[in-house]
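Following: one structure in structure tokens, then a few remarks.
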Amino acid sequence: MKRTIITTGDGSKTIQIEEWNEQYHSKHGAIQEAYHVFIQNGLALFDNTDLRILEIGFGTGLNALITYLEAPKRNIEVEYVGVEAYPVIPEEWRQLDYVSALEGDRLSAVFEKMHMSDWGTATRLSENFTLTKQQKEFKTIQAESLFNLIYFDAFGARVQPALWTETIFLKMYKALKPGGVLVTYAAKGSVRRAMQSVGFETERLPGPPGKREMLRARKVLRDL
246 MKRTIITTGD GSKTIQIEEW NEQYHSKHGA IQEAYHVFIQ NGLALFDNTD
296 LRILEIGFGT GLNALITYLE APKRNIEVEY VGVEAYPVIP EEWRQLDYVS
346 ALEGDRLSAV FEKMHMSDWG TATRLSENFT LTKQQKEFKT IQAESLFNLI
396 YFDAFGARVQ PALWTETIFL KMYKALKPGG VLVTYAAKGS VRRAMQSVGF
446 ETERLPGPPG KREMLRARKV LRDL
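Everything in the sequence shown is counted per the numbering used here, starting at 246 for the first residue and increasing by one.
Listed below in structure tokens is the structure:
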């Protein structure tokens with residue numbers, strides 16, 4: 246499918262899949278969406294706590310890059326696992342120019358290393374951040390109680406409904422440690438019900454610019 250680079254509402258760029266009319270990030274603002282959904286409503290819950298993060302949809306690497314930037318500010322050490330079935334190619338991620346949009350040239354080497362590092366190998370990018378990329382489909386994830394936080398950033402249910410089902414969210418529930426949190430830009434009722442059906446406690450939160458709501462889900466173990 247044809248992928249093109251577009252400029253979003255906050256001036257940052259993303260990739261659009263023309264056949265689906267679907268973007269990797271919000272067309273209203275890629276960077277501001279990432280900060281709102283995954284940092285302010287996810288990572289911020291874990292300040293001063295070392296943690297493991299699972300990203301569902303490594304994609305452009307934007308969520309990993311901003312988490313890399315936030316880790317030392319929040320006094321946390323992050324082990325970050327990004328799962329992606331169809332990696333973005335260098336010609337694409339270089340055009341996105343997130344480095345300039347965030348903190349300038351000092352990030353260039355880090356962003357390139359994120360994308361060029363070997364799949365399946367842990368790569369230490371700083372004393373606060375280690376990245377492991379896994380190239381596989383989400384349905385093959387078999388993690389058990391490994392992660393504190395999940396960034397669920399898959400393509401939307403309109404174009405990939407199979408990624409927003411009870412089957413996938415059960416895998417997410419199992420992958421989280423007790424008390425772990427999943428955050429996503431999505432807010433559809435069917436998505437919330439699928440989360441609840443596998444055991445998540447969910448809450449609707451104000452969404453990023455251009456979107457009324459988002460979802461946050463927590464793994465809470467109940468007494469039998």
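Even glycine gets a Cβ: it sits at the ideal position worked out from N, Cα and C.
Helix, strand or coil at residue i [DSSP, three-state]
i: aspartate 468; result: Residue placement at aspartate 468 is flagged as unreliable, the pLDDT there being 46, under the threshold of 50; the coordinate-derived value follows with that caveat. Aspartate 468 falls in the coil class under three-state DSSP.
i: leucine 415; result: helix
i: leucine 391; result: coil
i: arginine 463; result: strand
i: arginine 248; result: strand
i: glutamine 405; result: coil
Short Cβ contact (8 Å threshold) for residue i with residue j
i: glutamate 322; j: asparagine 373; result: yes
i: proline 453; j: tyrosine 430; result: yes
i: leucine 307; j: alanine 330; result: no
i: lysine 464; j: proline 423; result: yes
i: alanine 420; j: phenylalanine 392; result: yes
i: tyrosine 343; j: leucine 310; result: yes
Residues bridged to residue i (per DSSP)
i: tyrosine 396; result: Glu300 and Val428
i: glutamate 458; result: Pro451
i: threonine 259; result: Ile251
Own chain, CB closer than 8 Å to residue i, minus 5 neighbours either side, in chain order
i: methionine 246; result: Ile262, Glu263, Glu264 and Trp265
Beta-carbon proximity list for residue i, same chain, < 6 Å, skipping 5 on both sides
i: methionine 440; result: Phe414, Thr447 and Ala462
i: methionine 459; result: Val282, Tyr430, Ala432, Leu450 and Gly452
i: lysine 258; result: Ile250, Thr252 and Leu341
i: glycine 256; result: none
i: alanine 316; result: Val323, Asn373 and Phe374
Nonlocal neighbours in the same chain, by C-beta distance under 7 Å from residue i, ignoring five residues either side
i: alanine 367; result: Thr375 and Thr377
i: aspartate 468; result: Note that aspartate 468 has pLDDT 46, beneath the 50 cutoff, so the model's placement of it is unreliable and the number below is only indicative. Cβ within range, chain order: n/a, list empty.
i: glycine 287; result: Leu394, Tyr396, Val426 and Val428
Any chain D beta carbon closer than 8 Å to residue i
i: phenylalanine 283; result: Protein chain content of the structure displayed is limited to a single chain, and chain D is not contained in it.
Q | Those runs of the alpha helix (DSSP H) which lie wholly inside the segment 347-384 and span at least 4 residues | A | 353-361
Q: Can you check the segment 267-341 for any beta strand (DSSP E) of at least 3 residues that lies completely inside it and give the ranges in chain order?
A: 296-301 and 323-328
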